[in-house]
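*Asks:* Attaching a single structure in structure tokens format; questions to follow.
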Amino acid sequence: MPLLIKSLPTLHFLFSFFIGALILVFLLRIILTWYPKIDLRTGLWPIIFIPTEPVLVATRKIVAPIGGVDVTPIIWVGLLSLFRELFFSQQGLLTQIMLRT
2 MPLLIKSLPT LHFLFSFFIG ALILVFLLRI ILTWYPKIDL RTGLWPIIFI
52 PTEPVLVATR KIVAPIGGVD VTPIIWVGLL SLFRELFFSQ QGLLTQIMLR
102 T
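Per this note's numbering, numbering of the sequence shown is gapless, rising by one per residue and ending at 102.
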């Protein structure tokens, strides 16, 4: 248990950074949907395409496009932002645990 408590600030930072990076990637994915002629499988775009596409494909099976617009990246930005706020923000659960130990 003491090892977990000692490593909590590092874990807190890494998870918070990872979720923030995922949010950024999904935001970039939303912006790229405005440009349908861009091939996401060429150039540097696979950096955005590869981590997001498996999650978006699974979500598209549950949530169909609304009016021809794919809203699944928006859903993931909202879910990840909520998760980050609940656990890693200033009043987040893990932040409070870290401050009290």
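Even for Gly, the Cβ is constructed at its ideal location relative to N, Cα and C.
Nearest CA to the CA of L25: which residue from G69, L4, R42, I48?
*Replies:* Against the sequence shown, residue 25 aligns to sequence position 24. Per the Cα distances, I48.
*Asks:* Quick check: the Cα distance between L23 and P10, rounded to an integer number of angstroms?
*Replies:* The count along the sequence shown starts at 1 and reaches residue 23 at position 22. The count along the sequence shown starts at 1 and reaches residue 10 at position 9. In a straight line, the C-alpha of L23 is about 20 Å away from that of P10.
*Asks:* Would you kindly report the start and end of the unbroken alpha helix (DSSP H) that includes V78?
*Replies:* Position 77 of the sequence shown, counting from 1, holds the residue named residue 78. Its alpha helix (DSSP H) spans residues 73 to 89.
*Asks:* Sorted by chain position, which residues of the same chain lie with C-beta nearer than 6 Å to L81's C-beta, five sequence neighbours on each side aside?
*Replies:* Position 80 of the sequence shown, counting from 1, holds the residue named residue 81. Same-chain partners within the cutoff: I20, L23, I24.
*Asks:* Just curious, the alpha helix (DSSP H) that Q97 is in, first and last residue?
*Replies:* Along the sequence shown, one-based indexing puts residue 97 at 96. For Q97, the uninterrupted alpha helix (DSSP H) segment begins and ends at 94 to 101.
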